[in-house]
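Protein chains in written order, with the numbering used here: chain A, 13 to 216; chain B, 13 to 216.
Worksheet: the structure to be examined is printed underneath.
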């Protein structure tokens, strides 16, 4: 079986982490470097990651994270931050692609216009895009974690406004999820069953 | 290099697909089966996939998809549909896990309560969750596609209301993205550069 397929088939949202095992800051950097290879709209990369890995910082997060033990027991819990999509950043985010002659300037300019058409004065779309981008980033980071022998748990149980305040998110940012990463204990649940494709797939 | 890392490093959003190559309905089923191994909040699986793969259906989608050629040139373009998070579905979605003794009934009941606390009469959170779940599903489907030798392109350039109408989405559904999957032509762009982790990562 292809290792990607094997990971997809066997991955589970880990509930119990080994609290005695940590991961290095270098490994955290690598997780985020790989996570941000994910796609984002117009390559906006409208995400940010706060790696909460000291006992003191984890404790602050757990208090506003429904007191979930995995926040403190995992080696690191990321606050995965989404940034409201801002078309004015597209030129800057595409500049390295243009300068390396990977993308013509004309395409970058066209993308800037398309981004303005989508997002300018469209707060719901700006927020939607922040969630999409941050979730693509988190998902890719989770795959990277599996490849590095680590397990993960995305979480939505937290007080969003308290997290924004406690971790000083900017006005155009909000927490899209928490994501614990670390070493799974052996006694975790297996992957929960899913509905069959026939229930959720239409072919036309 | 681990095959997952290699895929993350090399994957690109494919712009040019070989329009002469199709994929079987069985392969489309398998892509969706694997994609829906993705995590979702309380295992709600609040997603649906419309596989647009006939020339006629692709043409209808392209007209309301900014006329993007990849919609018709890829073997299949999925309308990745998000469903507003509804806590009343949690019991049903967890039942197979309870019946297989993977999860105690008490946990399933507690999750139902937590889901109600999060989503009941909270339309913004219901929508946010639809985007998160559908994006996790799309991302996992994209990894499965890579493992199967296919390439992909998520797209946000489409008229959302027209897509909902044309493909008869339910009142609690909306299109989260389009996702083309097929065989890449050799002359595609490489992956576009990303910002460095130092620009987007805080360690605390």
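Built from N, CA and C at the ideal position, the CB exists for glycine as well.
Using beta-carbon distances, residue 57 (chain A) counts as an interface residue toward chain B, with a partner under 8 Å. With a threshold of 8 Å between beta carbons, residue 28 (chain A) makes no contact with chain B. In this structure, the alpha-carbon of residue 76 (chain A) lies about 6 Å from that of residue 171 (chain A). Beta-bridge analysis with DSSP links residue 115 (chain B) to no other residue.
Using beta-carbon distances, residue 112 (chain B) counts as an interface residue toward chain A, with a partner under 8 Å. Residue state for residue 102 (chain A) is assigned as helix, using DSSP reduced to three classes. In the structure shown, the three-state DSSP call for residue 13 (chain A) is coil. Residue 46 (chain B) belongs to the set of residues whose beta carbon lies under 8 Å from a beta carbon in chain A. Contact annotation: residue 162 (chain B) and residue 47 (chain B) have beta-carbon atoms that are not nearer than 8 Å.
The beta carbons of residue 143 (chain B) and residue 184 (chain A) sit no closer together than 8 Å. Between residue 20 (chain A) and residue 74 (chain A), the alpha-carbon positions lie close to 28 Å from each other. According to the DSSP secondary-structure assignment, residue 186 (chain B) is paired through a beta bridge with B:94. Of the candidates B:44, B:52, B:168, the residue whose Cα lies closest to the Cα of residue 78 (chain B) is B:168. Distances from the CA of residue 33 (chain B) to each of B:193, B:211, B:80, B:188 were compared; the closest alpha carbon is that of B:193. A straight line joining the alpha-carbon of residue 126 (chain B) with that of residue 110 (chain B) spans about 17 Å. Close partners of residue 51 (chain B) in chain A (Cβ separation under 7 Å): 25, 166. Chain A has a Cβ within less than 8 Å of the Cβ of residue 169 (chain B).
Residue contact with chain A for residue 124 (chain B): absent (no Cβ-Cβ distance below 8 Å to any residue of chain A). No residue range can be given for residue 29 (chain B), since it is assigned to no alpha helix (DSSP H) and is classified by DSSP as neither H nor E.
In chain A, no part has a C-beta under 8 Å from the C-beta of residue 128 (chain B); the shortest such distance is about 13 Å. Per DSSP, residue 176 (chain A) lies in no beta strand (DSSP E); the unbroken alpha helix (DSSP H) holding it starts and ends at 172-178. DSSP, reduced to helix, strand and coil, places residue 47 (chain A) within a helical segment of the structure shown.
Three or more Cβ pairs closer than 8 Å define a contact, and the segment 101-117 of chain A falls short of that threshold against the segment 114-121 of chain B. For residue 21 (chain A), the C-beta contacts it makes with chain B under 8 Å involve 46, 49, in order along the chain. Counting of Cβ neighbours within 10 angstroms places residue 25 (chain B) among the buried residues, the total reaching 16 or more. Taking a Cβ-Cβ threshold of 7 Å, none of the residues of chain A is close to residue 101 (chain B); the smallest such distance is about 11 Å.
Under the 8 Å criterion on CB atoms, residue 158 (chain B) is classed as interfacial with respect to chain A. Close to residue 143 (chain B), with beta-carbon spacing below 8 Å, are these residues of chain A in chain order: 140, 143, 144, 147. 201, 202, 203, 204, 205, 206, 207, 208: these are the residues of the segment 191-208 of chain B whose beta carbon lies less than 9 Å from some beta carbon of chain A, given in chain order. Sequence-distant Cβ neighbours of residue 84 (chain A) in its own chain, meaning closer than 6 Å and more than five residues away, are 70, 74. Approximately 28 Å separates the beta-carbon atoms of residue 72 (chain A) and residue 158 (chain A); this is outside 8 Å, ruling out the contact. Residue 214 (chain A) carries a strand assignment under DSSP once its states are collapsed to helix, strand and coil.
By the neighbour-count criterion, in which a residue is buried when 16 or more other Cβ atoms sit within 10 angstroms of its Cβ, residue 145 (chain B) is buried.
Of all residues in the segment 29-41 of chain B, only 37, 40, 41 come within less than 9 Å of chain A when Cβ atoms are compared, listed by chain position. Interface flag for residue 151 (chain B) against chain A is set, since a Cβ pair is found closer than 8 Å. Residues 99, 102, 103 of the same chain have their beta carbon placed closer than 7 Å to that of residue 124 (chain B), with the five preceding and five following residues left out of the count.
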